[in-house]
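Structure, as C-alpha cells:
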Amino acid sequence: MVQVIPRKVIPQKSSVKKMLPWLSLFLIGAMIILYFVFSAQIKKAEASLEDVKSELAKSQTDEQTELQQRVLGFQKRIDDVAVLLKERERAADALAFLEAYVHPKVYFTAMSLNFENKTLNLQGISGDFTSLGQQIFAFQQDPFVQEVKLSNVALSEEGKVRFVMELVLPDRNAVKK
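Adding 8 to a residue's 1-based position in the sequence shown gives its number in this note's numbering.
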C-alpha cells in the first residue's frame with residue numbers, strides 16, 4: 009500500500025560518533041596518568057643522580073682533586089690563548105700599520121689594543137712638539153684610523169714630550185672595502 013503521509017525518518021547515530029567522546033575521555037585520562045608517572049620517574053632519576061654524585065665526591069682522593077684543579081687551570085690558559093689566536097690577525101694588522109706610519113723622532117713605550125671598543129692606546133715619547141704634530145697628522149691621513157685623541161701631554165726632565173694617544177679604529181669590514 010502506498011502511503012500518502014510520509015513517515016519521519018529517524019537518523020541513526022553512527023558507531024564512530026558514539027565512540028568518539030569515550031575515546032577522547034580515555035586519551036585525556038591516559039595523558040594525566042602518564043604525566044604523574046613520568047614526573048615520579050624524573051624525581052627518582054634526579055635523586056639517583058644526586059646519590060651517584062655524592063658517592064663520587066666521597067671516593068675522590070685529594071690527589072684527584074688537585075689534578076682536577078690543575079686541569080681546570082690549564083683549560084683556562086688554553087681558552088685565553090684561543091682568544092689571542094682568534095684576534096691575532098687584527099693585532100698583526102695594527103702592528104704593521106704602526107711599523108709603516110711611526111715618525112722617526114717618535115717612539116712608543118706602551119701599547120694596548122681593545123677590540124671591543126676598537127681603540128688603540130699608545131704611550132710614547134717624542135723629541136719635540138713638531139714631530140708629535142707630524143705623527144698625529146700622519147695617523148689622521150690613514151683610512152685605518154677614524155679619529156686621533158691626544159692626552160696627558162707633558163715635558164719630561166730630559167726635555168722630551170711624553171704623551172698618551174688614542175686611535176679610534178673603524179669597523180673591520182669598513183677597512184677592507
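By construction, the Cβ of each residue, glycine as well, lies at the ideal position given by its N, Cα and C atoms. Since this is a predicted model, take the numbers as computed values, not measurements.
- Message: Please give me, in chain order, every unbroken run of the beta strand (DSSP E) with length at least 3 that falls completely inside the segment 94-137.
- Response: 114-122, 127-134
- Message: Just to confirm the assignment, what range does the beta strand (DSSP E) spanning Phe152 have?
- Response: For the purposes of this step, residue 152 is taken as the residue at position 144 of the sequence shown. Element bounds for Phe152: n/a, residue is neither H nor E.
- Item | Beta-bridge pairing of Leu163 - partner residues as DSSP gives them | Walking along the sequence shown from the start, residue 163 turns up at place 155. BP columns for Leu163 point to Val169.
- Name the residue from Leu92, Met119, Val91 whose alpha carbon lies nearest to the alpha carbon of Leu103. Within the sequence shown, the letter at position 95 stands for residue 103. Checked all of Leu92, Met119, Val91; the closest Cα to Leu103 is Met119.
- Task: Consult DSSP for Leu64 and reduce its assignment to one of helix, strand or coil.
- Result: Along the sequence shown, read from residue 1 onward, the residue named residue 64 stands at position 56. Residue state, collapsed to three classes: helix.
- Query: Three-state secondary structure (DSSP) at Leu177?
  - Reply: Numbered from its first residue, the sequence shown carries residue 177 at position 169. In the structure shown, Leu177 sits in coil (DSSP, three-state: anything other than H, G, I, E or B).
- Measure the alpha-carbon distance for Asn129 versus Gln68 and round it to whole angstroms. Mapped onto the sequence shown, residue 129 falls at position 121. Mapped onto the sequence shown, residue 68 falls at position 60. If you draw a straight line from the Cα of Asn129 to the Cα of Gln68, it comes to about 48 Å.
- Task: Examine the Cβ distances between the segment 103-118 and the segment 147-159 and report whether three or more of them are shorter than 8 Å.
- Result: yes
- Per DSSP, cross-strand counterpart(s) of Leu158: Taking the first residue of the sequence shown as position 1, residue 158 is located at position 150. Paired residue(s): Met173.
- Does the beta-carbon distance from Val153 to Gly132 come in below 9 Å? If you number the sequence shown from 1, residue 153 lands on position 145. If you number the sequence shown from 1, residue 132 lands on position 124. No; because the gap between Cβ atoms is not below 9 Å, this pair is not in contact.
- Query: In chain order, what residues of the same chain have a beta carbon less than 6 Å from the beta carbon of Ser139, not counting five sequence neighbours either side?
  - Reply: Counting from 1 along the sequence shown, the entry for residue 139 is found at position 131. The answer, listed in chain order, is His111, Lys113, Val114.
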